[in-house]
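Quick note, the sequence shown lines up with residues 1 to 445 if you use the UniProt record's numbering.
C-beta atoms are modelled at their ideal positions from N, C-alpha and C, and glycine is treated no differently.
This structure is a prediction, so every number in the text was calculated from the model and none was measured.
Working notes, structure below.
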Amino acid sequence: MLQRIGLIFLQNIVVVGNYFYFQAFLDEFTKWSRGNPDKDRILMAGDGQGIFKTVSDPGFTAYEMKIGAVTFQIAIGDITKEKADVIVNSTTRTFNLKSGVSKAVLEGAGPAVESECAVQAVQPHRDFIITQGGYLMCKIIIHVLGENDVRKTVSTVLEECEQRKYTSVSFPAIGTGNARKNPVIVADDMISAVVDFAWKHSTPSLKKVKVVIFLSELLNVFYDNMKKRENSASPVSQSTFFETAYNIPEHWTDMNQQLSCVIELQPGQSEYDTVKDKFSETCLSYKIEKIERIQNIWLWKSYQIKKKHMDIKNGHTDNERVLYHGTAADSVPYVNQHGFNRSYAGKNAAAYGKGTYFAIDASYSANDKYSRPDSNGRKHIYVVRVLTGVYTLGYAGLVTPPSKNPHNPTDLFDSVTDNVQHPSLFVVFSDNQAYPEYLITFRVE
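Structural data, given as structure tokens:
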């Protein structure tokens, strides 16, 4: 049977997808079982046969592993037939997507749930809404945006479940349908979110995590593949099967022992299309020439250390946003190598403090004031992971965020904004609070 690990305390997450998505999650399980820099934090029990449950019967339809108090399971099934406290629906901003798993969830839940979605969709929300379970065997349904950052979305759902004292949650493979996300990246992000959750909660209410595969006709393919993995998987020692957030993302291209490099994405790749589609939401009058992924090991690890610290300090993982930052061509090599430097503060704007500015909408950063065209008319915008954390209103002259508590001047806000209720930009004052993930080169059409 799958190995048991004494660290993680989430119990059941369900991911629904097809064979390719199932394969991606199994690949992630294998990677998690190899190498571990945090040996002292992990306790394991089990029979030492490897990370996969022994496959003894082609009719077996579920494979599970124990991660601390958490049961993480992959199973053939239909999410609308699952019994869990919470079922997650991956949908669009209108919350009425009628295709794929979302269609099955809405139709299975019934018209009352559809009506709730329609009402809540036009009201202010935090990029997710919660409805009754309807006819499904769950207490609530959490409807999330498939286009959003998967790791952040899953973290938000887990924290919501924990706050409400639920014990089990079932996810679809978020973003792999209508949002066309790469299932390998989705798997990595979802598992990382579970690990983040476990680090923070030693004895959580939430206990059960399950991945449901709905294409049952591919069961024999799954069985054959699992047998191969079972035979090839290395035995798992007591010091394996944990990957910290500091490790580089699995989807990064091999860097040949370099510390940094720039990888040009190709049109048609799901990663390219995700970045392009989000940019085009507010920048229809521009033509993208290329999108590049920035791979910088030291910047990434520094950023992740800061994120872990902020997650612990704030008591939740909903601290990260994907924002935009316009820049001139001559700044690109520096940012790629060293990240964002506050010494540039005031170069374009300083109305809310002398920090680094990031916009919610790409159109803001596309202004020539921020992304000045080069001699060939090319403009540059970074897609940036930013730790906005707990924020407040900024003002001119700030060199650090204000204090949250006048009686404790060292307890600072994490960032500032132009409008607390409806922000359009954020300002950070620590260089490791932002990671330049992609560079978009574009021009006016």
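Close Cβ partners of residue i (< 7 Å) along its chain, the five nearest in sequence each way excluded
| i | result |
| --- | --- |
| K404 | D411, L412, F413 |
| I248 | I297, W300 |
| S331 | none |
| T167 | Q11, D85, S205, L206, K207, K208 |
| M255 | C261, Q295 |
| Y272 | L265, Q266, I291 |
| K165 | S205 |
| K313 | none |
| I263 | T253, E292, R293, Q295 |
Backbone secondary structure at residue i - three-state DSSP
| i | result |
| --- | --- |
| H338 | helix |
| C117 | helix |
| G268 | coil |
| H380 | strand |
| G394 | coil |
| P111 | helix |
| M190 | helix |
| G315 | coil |
| R164 | coil |
| F429 | coil |
| T441 | strand |
| I288 | strand |
| M255 | coil |
| H309 | helix |
| K326 | Residue identity check: residue 326 is Gly in the sequence provided, not Lys. Of the three classes helix, strand and coil, the one that applies to G326 here is strand, per DSSP. |
| S260 | strand |
| F197 | helix |
| T400 | coil |
| I141 | strand |
| Q304 | helix |
| S205 | coil |
| R321 | strand |
| V122 | coil |
Environment of residue i [buried if 16+ CB atoms lie within 10 Å]
| i | result |
| --- | --- |
| K210 | buried |
| E320 | buried |
| Y334 | exposed |
| N336 | buried |
| residue 447 | As shown, the chain starts at 1 and ends at 445. That puts residue 447 outside it, with no answer to give. |
| A109 | buried |
| N432 | buried |
| A112 | exposed |
| L439 | buried |
| I5 | For I5, the predicted model reports a pLDDT of 36, less than 50, meaning its position is unreliable and no value from the coordinates is stated. |
| R126 | exposed |
| T253 | exposed |
| L259 | exposed |
| Q123 | exposed |
| H143 | buried |
| G339 | buried |
| Q421 | exposed |
| Q257 | exposed |
| Q73 | buried |
| E281 | exposed |
| G389 | buried |
Whole-Å CB distance - residue i paired with residue j, under 8 Å assumed
| i | j | result |
| --- | --- | --- |
| V416 | P401 | 6 Å |
| A362 | C283 | 5 Å |
| S270 | P172 | With 8 Å as the limit, S270 and P172 do not qualify as a contact, their Cβ atoms being about 16 Å apart. |
| Y364 | L425 | 7 Å |
| G394 | G353 | 5 Å |
| K372 | A328 | Position check: residue 372 holds Arg in this sequence, whereas Lys was assumed. Between A328 and R372 the Cβ distance is about 5 Å, and since that is below 8 Å, they are a contact. |
| T153 | I174 | 6 Å |
| residue 453 | K379 | As shown, the chain starts at 1 and ends at 445. That puts residue 453 outside it, with no answer to give. |
| G146 | T92 | 7 Å |
| Y324 | F358 | 7 Å |
Beta-carbon proximity list for residue i, same chain, < 6 Å, skipping 5 on both sides
| i | result |
| --- | --- |
| E114 | L106 |
| R151 | D189, S192, A193 |
| C161 | V86, V169, L206 |
| D149 | V322 |
| L158 | F197 |
| V399 | K354 |
| K139 | D85, G133 |
Contact set for residue i: own chain, Cβ-Cβ below 8 Å, skip 5 residues either direction
| i | result |
| --- | --- |
| S99 | G177, N178 |
| N96 | L106, E114, C117, A118, A121 |
| G377 | R443, V444 |
| K103 | L97 |
| T94 | A121 |
| K306 | L387, S430, N432, Q433 |
| E437 | R293, I294, V322, Y382, V383, V384, R385 |
| N419 | L393 |
Contact test: residue i Cβ vs the ligand ATP heavy atom, cutoff 7 Å
| i | result |
| --- | --- |
| T400 | Summarising the ligand content, the structure contains no ligands, and the ligand ATP is consequently not present. |
Practice task
Evaluate contact between the region 125-138 and the region 74-92, counting only Cβ atoms and requiring at least three cross-stretch pairs below 8 Å.
Solution key: These segments touch.
Practice task
Examine the Cβ distances between the region 174-191 and the region 289-296 and report whether three or more of them are shorter than 8 Å.
Solution key: no
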